[in-house]
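Chemist: Please see the structure below; I have some questions.
Protein chains: 2
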Amino acid sequence: MPDARQFIEIQGTIALRRGTLADATIAYETWGQLNIAKDNAVLLFTGLSPSAHAASSNSDPSSGWWEDMIGPEKPIDTTRYFVVCVNSLGSCFGSTGPASIDPTTMEPYRLTFPVLCLEDVAFAGQQVVERLGIEQLHAVVGPSMGGMTALAHTLMFPGVTRQLVSISSATHSLPFSVALRSLQREMIRKDPLWQGGKYDIDVPPSQGMQLARKLGMITYRSAQEWTTRFGRERATDDTHPEDGDPFGITFEVESYLEAHAKKFVGAFDANCYLYLSRAMDLFDTADHGGSIASAFQRLVLDRVLVIGVQSDFLFPAHQQEELASAFEAKNIPTEYVLLSSIQGHDSFLVDMDRFRPVIAEFF
Amino acid sequence: MPDARQFIEIQGTIALRRGTLADATIAYETWGQLNIAKDNAVLLFTGLSPSAHAASSNSDPSSGWWEDMIGPEKPIDTTRYFVVCVNSLGSCFGSTGPASIDPTTMEPYRLTFPVLCLEDVAFAGQQVVERLGIEQLHAVVGPSMGGMTALAHTLMFPGVTRQLVSISSATHSLPFSVALRSLQREMIRKDPLWQGGKYDIDVPPSQGMQLARKLGMITYRSAQEWTTRFGRERATDDTHPEDGDPFGITFEVESYLEAHAKKFVGAFDANCYLYLSRAMDLFDTADHGGSIASAFQRLVLDRVLVIGVQSDFLFPAHQQEELASAFEAKNIPTEYVLLSSIQGHDSFLVDMDRFRPVIAEFF
Chain A
72 MPDARQFIEI QGTIALRRGT LADATIAYET WGQLNIAKDN AVLLFTGLSP
122 SAHAASSNSD PSSGWWEDMI GPEKPIDTTR YFVVCVNSLG SCFGSTGPAS
172 IDPTTMEPYR LTFPVLCLED VAFAGQQVVE RLGIEQLHAV VGPSMGGMTA
222 LAHTLMFPGV TRQLVSISSA THSLPFSVAL RSLQREMIRK DPLWQGGKYD
272 IDVPPSQGMQ LARKLGMITY RSAQEWTTRF GRERATDDTH PEDGDPFGIT
322 FEVESYLEAH AKKFVGAFDA NCYLYLSRAM DLFDTADHGG SIASAFQRLV
372 LDRVLVIGVQ SDFLFPAHQQ EELASAFEAK NIPTEYVLLS SIQGHDSFLV
422 DMDRFRPVIA EFF
Chain B
72 MPDARQFIEI QGTIALRRGT LADATIAYET WGQLNIAKDN AVLLFTGLSP
122 SAHAASSNSD PSSGWWEDMI GPEKPIDTTR YFVVCVNSLG SCFGSTGPAS
172 IDPTTMEPYR LTFPVLCLED VAFAGQQVVE RLGIEQLHAV VGPSMGGMTA
222 LAHTLMFPGV TRQLVSISSA THSLPFSVAL RSLQREMIRK DPLWQGGKYD
272 IDVPPSQGMQ LARKLGMITY RSAQEWTTRF GRERATDDTH PEDGDPFGIT
322 FEVESYLEAH AKKFVGAFDA NCYLYLSRAM DLFDTADHGG SIASAFQRLV
372 LDRVLVIGVQ SDFLFPAHQQ EELASAFEAK NIPTEYVLLS SIQGHDSFLV
422 DMDRFRPVIA EFF
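Going down the list, the protein sequences come from chains A and B. With my numbering applied, the first sequence corresponds to residues 72 to 434, in that order. With my numbering applied, the second sequence corresponds to residues 72 to 434, in that order.
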C-alpha cells in the first residue's frame with residue numbers, strides 16, 4: 072500500500088485540556104516545498120472522519136479527500152505553498168487515539184484515553200508545525216470540525232498564523248447538532264458488540280456504526296438535494312414484503328444510505344469516532360475568555376475567510392454570520408461568503424465548482 | 072382507568088390497499104352531540120403516535136393530545152360540532168393493529184399484519200362515520216400523518232366532507248423524511264430484542280424504541296427552539312467521565328431527550344410504530360390518478376385550510392405551498408397559512424397561541 076504519511080513522536084507526557092497523554096504520535100502528509108524563509112506553509116485540519124491524505128502525491132497517488140483543492144495550479148497551489156495536513160489526535164489513521172496502544176499498559180487505550188478536546192487536536196497540529204521548523208504559517212485552513220480546530224489553533228497560538236480560512240464551521244456547537252451527535256454515539260454504545268468500548272478489533276459494533284453513519288449522511292446533506300436526486304424513485308434492490316421483511320429497502324434513498332454506511336464501517340474505529348464526536352460538542356470559543364468577544368481579543372490575524380453554505384443545517388448560516396461578525400468586531404479584515412450549494416454541510420467536499428474560486432481567490 | 076373509547080367491529084374480511092384483514096375493530100372517541108340533520112360532525116385523524124383521546128370528557132377527564140383545541144367554546148367548539156377522533160388502524164390504542172390477536176390463528180399478527188397504507192386508515196375512519204349514520208361531514212381535520220390520512224379520505228370518498236383542514240402535512244413524503252423514518256425503523260429492527268417482530272410483549276425492543284423516539288424528537292422540533300431552550304446549558308444529571316462513561320449525558324439537551332424517550336417506550340408497540348411509519352413513506356397522492364393534479368380532479372370540496380409552519384423541516388413550507396396550490400388549481404377556495412412558530416413540526420401540539428385563532432376562524 073502506498074503511504075505518504077510522515078510522523079512525529081511527542082516524547083514524554085503532554086498535558087491535554089482534560090488529562091495527560093504519554094508518547095503521542097502524530098501523522099501528517101505534506102505537498103509542495105517549504106521555502107527558505109519558511110513562511111509559505113498552509114496548515115490544514117480535517118473534519119471528523121478524514122485522514123491526513125487530503126490529496127494525491129508521488130508517495131501516494133490515490134485521490135485524497137480534497138483532491139480538487141490541493142495540488143499544482145489548484146486553488147491551494149502546491150507550486151507556491153507547502154501544505155501540511157494533520158491526522159487529528161484521537162483519530163485512527165496514524166495519530167495516537169483510543170485505538171492505539173497505551174505504552175504504560177501495552178493494551179489499547181479504548182475508554183482510558185483522556186477526554187479529547189479540539190484544543191488538543193490543535194496542540195498536536197502545532198507540534199508538527201514546530202517540528203518542521205516553521206514559526207510563521209501562511210494560513211490555517213479547516214472545514215467542519217477542522218474549522219473549529221483551526222479557530223482553536225489561532226486562539227491558543229496567537230500570531231503563528233496571520234490568515235485563517237473557516238469552512239462550514241462555528242464558534243461552538245448548537246444543542247441541535249449536539250443532540251444529533253449524542254444520538255449517533257448512543258447508537259454505537261447501544262450496539263451489544265461495543266461492549267463498553269472493549270470490542271474485539273475484528274468484531275466491531277458494525278450495526279451501531281452503520282446507523283450512526285446513516286444519520287450522519289442524512290444530516291450532512293440537504294432535503295433539497297435528496298428531492299432532486301431521489302424523488303420517490305423505488306430501489307432496484309427492493310426487498311419485497313413477500314420476502315418476509317415488510318420494512319426492508321423500498322426507496323432508492325434507503326438503498327443509497329445502506330450502500331454508503333456499509334463502506335464506512337471497518338474504515339473507522341468506533342471509539343475514535345466517539346471521542347472526536349464528543350470533542351465537537353465540547354468545543355466552545357467562549358471557554359477561551361468567558362465570551363466570544365473576549366476570547367477574540369487575543370487574536371492576531373491579518374485576514375480571515377469565512378465560508379458557509381445556505382443549505383447546511385448542522386452549521387447553519389446564522390453561525391457563519393456570527394463567526395464573521397466576531398472577526399469584524401475585532402477589526403480583522405474578513406471576507407464572508409455564503410454559498411448557495413444544495414449539498415448541505417458536505418458541500419465543501421462535493422460542490423467544487425462553487426468552492427474552488429472562493430479558495431483560489433483567497434490564496 | 073377512565074375510558075371514553077367506543078368501538079366498531081367490521082365483521083368479515085375487508086380489502087386493504089395491499090392485503091386483506093378479518094374482523095377489524097376501530098376505536099374512537101366523540102365530543103359534543105350529533106345534530107338532527109346529522110351535518111355537524113368533524114372527523115379528526117391523528118398523527119403517528121396519539122390515541123383517539125384528543126380531549127377530555129366526562130367519561131375520561133384526563134387531558135387529551137389536543138386539549139386546547141377541542142371542547143366547549145374552544146376553536147373546534149363542541150357546543151356546535153360533534154367531533155369524532157379515530158384511533159388509526161394499525162395503531163395500538165384499541166384499533167386493530169400488528170399487536171392485536173389474529174382471529175384466524177389466535178396469535179398476535181406481528182409481521183403477518185398486511186402492509187398498511189394511509190388509505191386503509193382513512194377507510195377505517197369512514198367505517199366509523201357510516202356506523203354513526205353520518206352521510207355528510209362538516210369537516211375532516213388532520214395534523215401530520217393525520218393530514219395525509221384526511222387527504223386520502225377526501226380522495227377516496229369525494230363529497231363526504233365539504234371542508235378539509237390539513238396541518239403540517241403534504242401530498243407525499245420527501246426522500247429526506249423517508250430516510251429519517253427508515254433509520255428510525257432500522258434502530259428498532261436492529262435491537263436484538265425485536266427478534267424479527269416476535270418480541271415478548273413484556274420485553275419489547277426498548278433501546279431501539281428509545282433511539283427512534285430521540286431521532287423523532289430531534290426532527291419534530293427545530294434547531295432554533297433548542298438554541299433558545301437549552302443553549303449550552305450543562306445537565307444536572309451530568310454523568311462525569313470520572314464515572315467511567317465519557318459519553319454519558321453532559322448537556323441539558325441530552326438529558327431532556329433521555330427523559331422523554333424513556334416515557335415513550337412502553338406506551339407504544341414497536342411493530343405498530345413500524346407499520347404506521349412505513350405507511351407515511353408509502354403515501355403518495357399521485358397514486359390516485361398518476362399525478363397530484365389528476366388525483367385532485369375527483370375532489371369535491373367547498374373550502375380548504377392548509378396550515379404549515381416555517382420551522383418544520385419534515386413537512387417543509389414548500390410542501391405546504393404545493394398542497395395549497397394544488398387545491399387552488401382545482402378552483403377550491405383555499406386558505407393557506409404559514410405560521411412562524413419555532414417549534415417545528417410539533418408546533419400544532421404546543422404553539423397553541425398561534426394555532427388556536429387560525430382553527431377558530433375556520434370553524
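Glycine is no exception: its CB is placed at the ideal position from the N, C-alpha and C atoms.
Of all Cβ atoms in chain A, is any one closer than 9 Å to the Cβ of B/THR321?
Modeler: Output row for B/THR321: interface = yes.
Chemist: Leaving aside the five residues before and after B/VAL192 along the sequence, list all residues of the same chain whose C-beta is less than 6 Å from its C-beta, in chain order.
Modeler: Excluding positions up to five away in sequence, the list reads SER159, LEU160 and THR220.
Chemist: Please classify A/PRO463 as buried or exposed, where buried requires at least 16 other C-beta atoms within 10 Å of its C-beta.
Modeler: One cannot answer for residue 463 of chain A here, as it falls past the ends of chain A, which runs 72 to 434.
Chemist: Closest Cβ-Cβ distance between A/LEU235 and chain B: below 9 Å?
Modeler: With 9 Å as the cut-off, A/LEU235 does not count as an interface residue toward chain B.
Chemist: DSSP state of A/GLU313, grouped into three classes?
Modeler: Interpretation of A/GLU313 is limited by its pLDDT of 47, a score under 50 that renders its predicted location unreliable; the figure taken from the coordinates is listed afterwards. Looking at A/GLU313 - three-state DSSP - the assignment turns out to be helix.
Chemist: Between A/CYS163 and B/ILE430, what straight-line distance do the alpha-carbon atoms span, to the nearest angstrom?
Modeler: Whole-angstrom Cα-Cα distance: 55 Å.
Chemist: Scan the stretch 95-178 of chain A and note each continuous beta strand (DSSP E) run of 3 residues or more that stays entirely inside, going in chain order.
Modeler: With a minimum length of 3 residues, the continuous beta strand (DSSP E) runs that stay inside the stretch 95-178 of chain A are 112-116 and 153-157.
Chemist: Hey, does B/LYS145 have any beta-carbon neighbour from chain A nearer than 9 Å?
Modeler: With 9 Å as the cut-off, B/LYS145 does not count as an interface residue toward chain A.
Chemist: Can A/ALA241 and A/LEU409 be called in contact, C-beta distance under 9 Å?
Modeler: Their beta carbons are not under 9 Å apart, which means A/ALA241 does not touch A/LEU409 by this criterion.
Chemist: Have a look at A/ARG284 and A/ARG303 and give me their C-alpha separation to the nearest angstrom.
Modeler: Cα to Cα, the separation comes out at about 22 Å.
Chemist: Can you give me the Cβ contacts of B/ARG349 inside the same chain, cut-off strictly under 6 Å, excluding the 5 residues immediately before and after it?
Modeler: Excluding residues within five positions, none has a Cβ falling inside 6 Å.
Chemist: Determine the DSSP secondary structure at B/LEU226, reduced to helix, strand or coil.
Modeler: In this structure, B/LEU226 counts as helix in the three-state DSSP scheme.
Chemist: Taking only three categories from DSSP, how would you classify B/TYR407?
Modeler: B/TYR407 falls in the strand class under three-state DSSP.
Chemist: Fully enclosed by the stretch 189-245 of chain A, which alpha helix (DSSP H) runs are 4 residues long or longer?
Modeler: Segments of the alpha helix (DSSP H) lying fully in the stretch 189-245 of chain A: 189-202 and 216-227.
Chemist: If you draw a straight line from the alpha carbon of A/PRO312 to that of B/LYS145, how long is it in whole angstroms?
Modeler: With a pLDDT of only 48 at A/PRO312, under 50, the local geometry of the prediction cannot be trusted, and no value is derived from it.
Chemist: Based on the DSSP output, what are the partners of A/THR84 in its beta bridges?
Modeler: Per DSSP, A/ALA93.
Chemist: Let me confirm a value: A/ILE205 is counted as buried when at least 16 other C-beta atoms fall within 10 Å, else exposed. Which label applies?
Modeler: Flag for A/ILE205 reads buried.
Chemist: Counting only the same chain and skipping the five closest in sequence on each side, list residues whose C-beta sits under 6 Å from that of A/THR167.
Modeler: Cβ neighbours of A/THR167 beyond the five flanking positions: ALA95 and THR96.
Chemist: Tell me which same chain residues have a C-beta within less than 6 Å of the C-beta of B/GLN281, skipping the five on either side of it?
Modeler: For B/GLN281, where only same-chain residues beyond five positions count, the Cβ hits under 6 Å are ALA332 and VAL336.
Chemist: Quick one: is B/ALA318 near chain A, going by C-beta distance under 9 Å?
Modeler: The sequence shown places Phe at residue 318 of chain B, rather than the Ala named in the question. So yes, B/PHE318 belongs to the interface.
Chemist: How many angstroms separate the CA atom of A/PHE301 from the CA atom of B/PRO214?
Modeler: Cα to Cα, the separation comes out at about 26 Å.
Chemist: Measuring only the C-alpha atoms, how far is A/ASN129 from A/MET216?
Modeler: So the two alpha carbons sit approximately 28 Å from each other.
Chemist: Under a three-way DSSP split, which group does B/ILE378 fall into?
Modeler: Strand.
Chemist: Measure the alpha-carbon distance for B/ASP271 versus A/LEU328 and round it to whole angstroms.
Modeler: So the two alpha carbons sit approximately 30 Å from each other.
Chemist: Taking A/ARG89 as the reference, give the member of A/PHE322, A/CYS188 and A/MET288 with the closest Cα.
Modeler: Checked all of A/PHE322, A/CYS188 and A/MET288; the closest Cα to A/ARG89 is A/CYS188.
Chemist: Would you list, in chain order, the members of the stretch 261-290 of chain A that have their beta-carbon closer than 7 Å to a beta-carbon of chain B?
Modeler: Hits within the stretch, in order: LYS261, PRO263, GLN278, LEU282, LYS285, LEU286 and ILE289.
Chemist: Short of 6 Å in beta carbon distance, which residues of its chain neighbour A/ARG374, apart from the five on each side in sequence? Order them along the chain.
Modeler: Here the set comprises GLN234 and PRO404.
Chemist: In this structure, does DSSP put A/GLN278 in helix, strand or coil?
Modeler: The answer is helix: DSSP assigns A/GLN278 an H, G or I state.
Chemist: Taking the continuous alpha helix (DSSP H) assigned at A/ASP304, which residues delimit it?
Modeler: In the sequence on display, residue 304 of chain A carries Glu and not Asp. From DSSP, A/GLU304 is part of no alpha helix (DSSP H); its letter is neither H nor E.
Chemist: Using a Cβ-Cβ cut-off of 9 Å, state whether B/LEU182 counts as contacting chain A.
Modeler: Yes - at least one Cβ of chain A is within 9 Å of the one on B/LEU182.
Chemist: Determine, using beta carbons only, whether B/PRO428 comes closer than 9 Å to chain A.
Modeler: Chain A, which has no Cβ nearer than 9 Å to the Cβ of B/PRO428, makes this no.
Chemist: Along chain A, in chain order, which residues have C-beta atoms closer than 7 Å to that of B/THR307?
Modeler: Ordered by position in chain A, no residue passes the 7 Å Cβ test against B/THR307, which lies about 16 Å from the chain.
Chemist: Measure the beta-carbon distance from A/ILE259 to A/TYR180 and round it to whole angstroms, keeping in mind my assumption that it falls under 8 Å.
Modeler: In fact, because the Cβ distance is near 17 Å, the residues do not count as touching under 8 Å.
Chemist: Considering B/HIS20, what are the terminal residues of the alpha helix (DSSP H) in which it resides?
Modeler: In the structure as shown, chain B starts at 72 and stops at 434, and residue 20 of chain B therefore has no counterpart that could be examined.
Chemist: Quick one, are the C-beta atoms of B/THR232 and B/LEU105 less than 9 Å apart?
Modeler: No, Cβ-Cβ distance for B/THR232 and B/LEU105 is not below 9 Å.
Chemist: Could you give the DSSP three-state label for A/GLN390: helix, strand or coil?
Modeler: Helix.
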